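To start, the structure under review is shown below, and the notes come after it.
Protein chains: 2
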Amino acid sequence: MSLVDESAQSDRVRDALTAAHLYYMQDLTMDAIAHELHTSRSSVSRLLSHARATGLVDIQIRSPLDAPSRLELLIQERFHITAHVVPVPDHATDVDRLERVALSVARILGQFFDSNMVMGIAWGSTMNAISRHVTPKQTHGSQIIQLNGAGNMRTTGLSYASEILGRFGYAFGAHVHQFPVPAFFDSPATKQALWRERSVSRLLEMQARMDVALFGLGSPFSEVPSHVYAGGYLEEPDYASLSRSGVVGDVATIFYRADGSTDGIQLNARGTGPDFTVLRQTPRRLCVVSGTAKLASLRGALKADLITDLFVDESTARALVANI
Amino acid sequence: MSLVDESAQSDRVRDALTAAHLYYMQDLTMDAIAHELHTSRSSVSRLLSHARATGLVDIQIRSPLDAPSRLELLIQERFHITAHVVPVPDHATDVDRLERVALSVARILGQFFDSNMVMGIAWGSTMNAISRHVTPKQTHGSQIIQLNGAGNMRTTGLSYASEILGRFGYAFGAHVHQFPVPAFFDSPATKQALWRERSVSRLLEMQARMDVALFGLGSPFSEVPSHVYAGGYLEEPDYASLSRSGVVGDVATIFYRADGSTDGIQLNARGTGPDFTVLRQTPRRLCVVSGTAKLASLRGALKADLITDLFVDESTARALVANI
DNA sequence: AAGCTGGGTGAACAAACGTGCAAGGAGGGG
DNA sequence: CCCCTCCTTGCACGTTTGTTCACCCAGCTT
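Chains as they are written, first to last, in the numbering used here: chain A, 1273 to 1596; chain B, 1273 to 1596.
If you want it as structure tokens, here you go:
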């Protein structure tokens, strides 16, 4: 980028800021703003879009504390976590649900992440959807770290995972640490060996002291299998073993049962995500769930105390608090 | 208000929140939202207006820290205060300027005031303009206190000042403390006597420990005299005395010279605003100025170190940093 | 110099939005 | 019980806004 480009860039930002100020603070119409900035109305429209897309304009919804939705209150009482219920009409498809929850999370995420923080991020369809919409917020000295490996039998998975991570990193101006290992090792011994490598253990230590974790839930036996199961990461015997163990879901390749327990689940010795005892040390653990198919996984994750902040679509939230 | 009304109210808030969420977080059109909420598009439009007017939706403009306007930077360097320059076209009238600066301040004020804080507020045309637009933000246990008396020879001034204060109080859910004294006493002795009254000294103590002060500037000899001079608060001899003393402005009825000094200005013994030594103990001192007519007053106030945060229209800001 | 390309611009059109207005409904008073 | 008042609603209209398209200009290639 040339010097000229840079200053043009900053001109654009300055104009965008001015336009935003005139539009949102002084309630001028775009026409009036166009006149003040000596440009056309369409350009102002574009400037304002740009301002919103780049996070220059930050729109927050602050529910007066006495009026969180009935559902959010119920969930808080039942599970002692903060719930963010995303309104979605009952007849929406699961794809819709995912997209709309992801959009909401993308807009609100900036409130949980700030300068000098470390955020751990899983990957999968949910994270992918969020990453495509995340609103930028400039931070300094912050880091984003991949929670679990992404390779499978066919590919290293790096491009998919790194695309997701990259979008978060770009949006927050954060340094991205990738985790270049397969999602599941073929042998526990290899994992243990690699875990002792300094380059890897450096990442593990960083995971251990992250400030925020962001993840979706896997649900191996639901109708809409998540990426882990569709992408050729596991094989038939693995599924059988999961089924025998009574597994209901996973967070970043670590599986758990309906009661939240993980002991004796053999596959976990080969998974690459953070052990739950490590994860539970993270102050904010943001979990994004959409679609009732993941209800069982969600209940298990709650039992396992993996979640401090839950983002969920309305129907699923309703199902969660319904008497079973 | 009946019980039914109350729950209808909370229904309305809930709907407004949902609508806001769908509109600002999920980018649905009002039409789509109307459909989801089973109402008409116009009602959604009104719901959203309501949501913005009542502060449910909070729109902030966050300049990436490396790009505050050139003017704000210059002012910061020259005067060591934070400046908020409000863009206003050069050809705008002074009334326009005031209105637009006031609107901007009204929208941004919530960022400076929070629960359990005490804010001191002056009164006058600037404060009046702000009060008419201030965006609500619910706080708890916060207080708003009148900085100086408002009575004059003809009226107690209570209705004017209390209207202003009341609007701030209502917007923030804060308790309002009025200051039922004239703007200027006829005799210093009366002031001193009253100042010893417990009811008054309670207010003075509260002033001494306020967290934020919000005020405009008076400029006795400018083209557009501010309320204090137009409203019959002072008489000919007073003006003459001010003129002799070299006064360039006042904050809440306390006058100062171009160099920021106040010593020997006799009228100050009869004014009712907080002494500058008291005012300077307030952590955040927000000053709102519009129009170059107040430039001299502004320079004086800066010299007197009365300001930590300045809100000013663009032309005045430009004049402020121009080489004299 | 001519040609190409990518990014930005304003005009024009279509979509989305705000608001005055008349109608309807709930609550309170006669 | 009826009427009056106040508030809310949906419609219709005019306005405001988003977006497509053709165009232009700067920088680079041939």
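Just so it is clear, CB atoms sit at the ideal spot from N, CA and C, and this is done for glycine as well. Since the structure is predicted, the reported quantities are computational estimates derived from the model, not experimental observations.
Nearest-angstrom Cα distance between residue i and residue j?
{"i": "Ser1533 of chain B", "j": "Cys1559 of chain B", "result": "18 Å"}
{"i": "Arg1313 of chain A", "j": "Val1523 of chain B", "result": "41 Å"}
{"i": "Leu1375 of chain B", "j": "Asp1585 of chain B", "result": "11 Å"}
{"i": "Val1357 of chain B", "j": "Asp1330 of chain A", "result": "19 Å"}
{"i": "Ile1305 of chain A", "j": "Ala1541 of chain B", "result": "47 Å"}
{"i": "Arg1590 of chain A", "j": "Phe1487 of chain B", "result": "49 Å"}
{"i": "Val1276 of chain B", "j": "Ile1402 of chain B", "result": "For Val1276 of chain B, the predicted structure reports a pLDDT of 44, less than 50, and the residue's modelled location is therefore unreliable. A value from the coordinates is still provided. Straight-line Cα distance between these residues: approximately 34 Å."}
{"i": "Ser1513 of chain A", "j": "Leu1466 of chain A", "result": "24 Å"}
{"i": "Thr1549 of chain A", "j": "Ala1355 of chain A", "result": "22 Å"}
{"i": "Val1316 of chain B", "j": "Leu1370 of chain A", "result": "24 Å"}
{"i": "Ser1498 of chain B", "j": "Leu1319 of chain A", "result": "Low confidence applies here, because Ser1498 of chain B scores a pLDDT of 48, under 50, leaving its location unreliable; read the following figure in that light. If I take the Cα positions, the gap works out to 38 Å."}
{"i": "Arg1286 of chain A", "j": "Met1389 of chain A", "result": "28 Å"}
{"i": "Thr1290 of chain B", "j": "Arg1334 of chain A", "result": "12 Å"}
{"i": "Tyr1603 of chain A", "j": "Met1302 of chain A", "result": "Chain A is shown from 1273 up to 1596; residue 1603 of chain A falls before or after that span and cannot be answered."}
{"i": "Met1399 of chain A", "j": "Arg1404 of chain B", "result": "44 Å"}
Going by alpha carbons, who is nearest to residue i out of the options?
{"i": "Phe1451 of chain A", "options": "A:Thr1462, A:Arg1474, A:Pro1460, A:Glu1586", "result": "A:Arg1474"}
{"i": "Phe1493 of chain A", "options": "A:Arg1552, A:Asp1303, A:Ala1568", "result": "A:Ala1568"}
{"i": "His1307 of chain B", "options": "A:Ala1364, A:Ile1305, A:Thr1354, A:Thr1462", "result": "A:Ala1364"}
{"i": "Phe1351 of chain B", "options": "B:Ser1587, B:Thr1580, B:Arg1590", "result": "B:Thr1580"}
{"i": "Phe1457 of chain A", "options": "A:Glu1435, A:Asp1386, A:Gly1545, A:Trp1395", "result": "A:Gly1545"}
{"i": "Leu1551 of chain B", "options": "B:Gly1536, B:Ser1562, B:Gln1538, B:Ile1526", "result": "B:Ile1526"}
{"i": "Ser1321 of chain A", "options": "A:Met1478, A:Glu1349, A:Arg1284", "result": "A:Arg1284"}
{"i": "Asp1366 of chain A", "options": "A:Met1478, A:Val1448, A:Glu1435, A:Ser1397", "result": "A:Ser1397"}
{"i": "Arg1557 of chain B", "options": "B:Leu1489, B:His1449, B:Gly1421", "result": "B:Leu1489"}
{"i": "Asp1577 of chain B", "options": "B:Gly1421, B:Asp1287, B:Arg1529, B:Met1297", "result": "B:Arg1529"}
{"i": "His1293 of chain B", "options": "A:Ala1292, A:Ala1485, A:Val1373, A:Tyr1296", "result": "A:Val1373"}
{"i": "Tyr1505 of chain B", "options": "B:Gly1423, B:Ala1443, B:Gly1438, B:Leu1381", "result": "B:Gly1423"}
{"i": "Pro1555 of chain B", "options": "B:Met1482, B:Glu1469, B:Ser1387", "result": "B:Met1482"}
{"i": "Gly1421 of chain A", "options": "A:Gln1479, A:Gly1382, A:Gln1383", "result": "A:Gln1479"}
{"i": "Ala1394 of chain B", "options": "B:Glu1344, B:Val1484, B:Phe1444", "result": "B:Val1484"}
So, is residue i buried or exposed, given that buried needs 16 or more other C-beta atoms within 10 angstroms?
{"i": "Arg1379 of chain B", "result": "buried"}
{"i": "Asp1362 of chain B", "result": "exposed"}
{"i": "Gly1392 of chain B", "result": "buried"}
{"i": "Ser1459 of chain A", "result": "exposed"}
{"i": "His1310 of chain B", "result": "exposed"}
{"i": "Arg1571 of chain A", "result": "buried"}
{"i": "Val1360 of chain B", "result": "buried"}
{"i": "Gln1464 of chain B", "result": "exposed"}
{"i": "Arg1342 of chain B", "result": "exposed"}
{"i": "Pro1509 of chain B", "result": "exposed"}
{"i": "Arg1324 of chain A", "result": "buried"}
{"i": "Ser1282 of chain B", "result": "exposed"}
{"i": "Thr1407 of chain B", "result": "buried"}
{"i": "Arg1263 of chain B", "result": "Residue 1263 of chain B lies beyond the residue range present for chain B, which begins at 1273 and ends at 1596; the question has no answer from this structure."}
{"i": "Ala1433 of chain B", "result": "buried"}
{"i": "Ala1594 of chain A", "result": "exposed"}
Quick check on DSSP: helix, strand or coil for residue i?
{"i": "Gln1332 of chain B", "result": "strand"}
{"i": "Arg1556 of chain A", "result": "strand"}
{"i": "Ser1483 of chain B", "result": "According to the sequence as given, residue 1483 of chain B is Asp; it is not Ser. Residue state, collapsed to three classes: coil."}
{"i": "Gln1418 of chain B", "result": "strand"}
{"i": "Met1389 of chain B", "result": "coil"}
{"i": "Ser1274 of chain A", "result": "Unreliable positioning characterises Ser1274 of chain A in this predicted model, as indicated by a pLDDT of 44, which lies under 50. A coordinate reading is not provided."}
{"i": "His1363 of chain A", "result": "coil"}
{"i": "His1447 of chain A", "result": "strand"}
{"i": "Gly1488 of chain B", "result": "strand"}
{"i": "Glu1469 of chain B", "result": "coil"}
{"i": "Thr1549 of chain B", "result": "helix"}
{"i": "Leu1578 of chain B", "result": "coil"}
{"i": "Tyr1505 of chain B", "result": "coil"}
{"i": "Gln1383 of chain A", "result": "helix"}
{"i": "His1307 of chain B", "result": "helix"}
{"i": "Thr1290 of chain A", "result": "helix"}
{"i": "Arg1404 of chain B", "result": "coil"}
{"i": "Ser1312 of chain A", "result": "coil"}
List the DSSP bridge partners of residue i.
{"i": "Arg1529 of chain A", "result": "A:Val1519"}
{"i": "Val1358 of chain B", "result": "B:Asp1585"}
{"i": "Phe1456 of chain A", "result": "A:Gly1543"}
{"i": "Gly1423 of chain B", "result": "B:Pro1454"}
{"i": "Val1561 of chain B", "result": "B:Val1584"}
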